[in-house]
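Residue numbers (my numbering), protein chains in the order written: chain F, 1 to 111; chain P, 1001 to 1117.
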C-alpha cells in the first residue's frame, strides 16, 4: 500500500463545474496536509495547506480533512480551463521532515 | 508566499561532465532543503533531504557519490551531478522549508531541466 494514494485520473469536468480530488494516507500520525498544483513542464505550486479536521476555504478552493478516515480532499468550484493541471497531495508526518507525495491526479477542465 | 529560485533553469552538457545546480531561498531562511527528480509524465521522486550544516540524507537507491549535495548556508543548497550520463537527463526540482511561521510548508523552486548528450 502506498503511503499517499490519489485517484490517478484523468479527471475531466466541464467549465464551471466542481472538481473533486481525493487523497488517502496510511500513517495515522500524519499532522500536515498539502495540495500542490503542477502545470505540465513546471514545478509544483502550493495552493492549500490544512492541519485540522474540517474544511478550509481559500477562494474557489476548499480542502477537507478527516483524520479518522485518513482522507483529505480538494474541491475546486467554478472550474476554469486554467485549472487544468496535475494536483499533488502531500502528507507530512512531523513538524520537521519531508512530505510524502502522491502520484497526482490530472485534471482537465473543458471549455 | 516564500520564493525559491534555481539556477540554471536549463542546461545541456556532454556525457561525463559534471553539472552544478543552485537552489536559493530568497526571502526566508531554509533550514531544510529537498531535492527531487521528475521524469516526463512521472511523479516526483525525492532524492535527498539536507539540513543546513549537515550531511544530506539520501533516499534509497540514490547514489550519494554521484549526486553531491551541499547545504552550506540557510539560503543556498547545491546539487552536483557528477559524471553525468544520458540517463541522468531529467527535471531537477528543489524545495525548501523554514523554521518560521510557515515551517510546515515546502516551497518549490522552478526546476532545472538537465539534458545530457
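Ideal Cβ placement from N, Cα and C applies to all residues, glycine included.
- Straight across, the Cα-Cα distance linking residue 1088 of chain P with residue 25 of chain F is about 30 Å.
- If you draw a straight line from the Cα of residue 1072 of chain P to the Cα of residue 1105 of chain P, it comes to about 21 Å.
- DSSP places residue 1036 of chain P in the uninterrupted beta strand (DSSP E) bounded by 1030 to 1038.
- Here residue 37 of chain F is buried. Its C-beta has 16 or more other C-beta atoms within 10 Å.
- Taking a contact to require three or more Cβ pairs closer than 8 Å, the segment 1048 to 1065 of chain P and the segment 1015 to 1034 of chain P qualify as touching.
- Listed in chain order, the beta strand (DSSP E) elements of length 3 or more contained wholly in the segment 1035 to 1115 of chain P are 1045 to 1051, 1067 to 1073, 1076 to 1081, 1090 to 1098.
- Within the segment 1033 to 1064 of chain P, 1034, 1043, 1044, 1046, 1049 place their CB atoms closer than 7 Å to a CB of chain F, listed in sequence order.
- Around the beta carbon of residue 104 of chain F, 16 or more other beta carbons sit within 10 angstroms, so the residue counts as buried.
- Chain F has a Cβ within less than 8 Å of the Cβ of residue 1093 of chain P.
- Counting of Cβ neighbours within 10 angstroms places residue 68 of chain F among the exposed residues, the total staying below 16.
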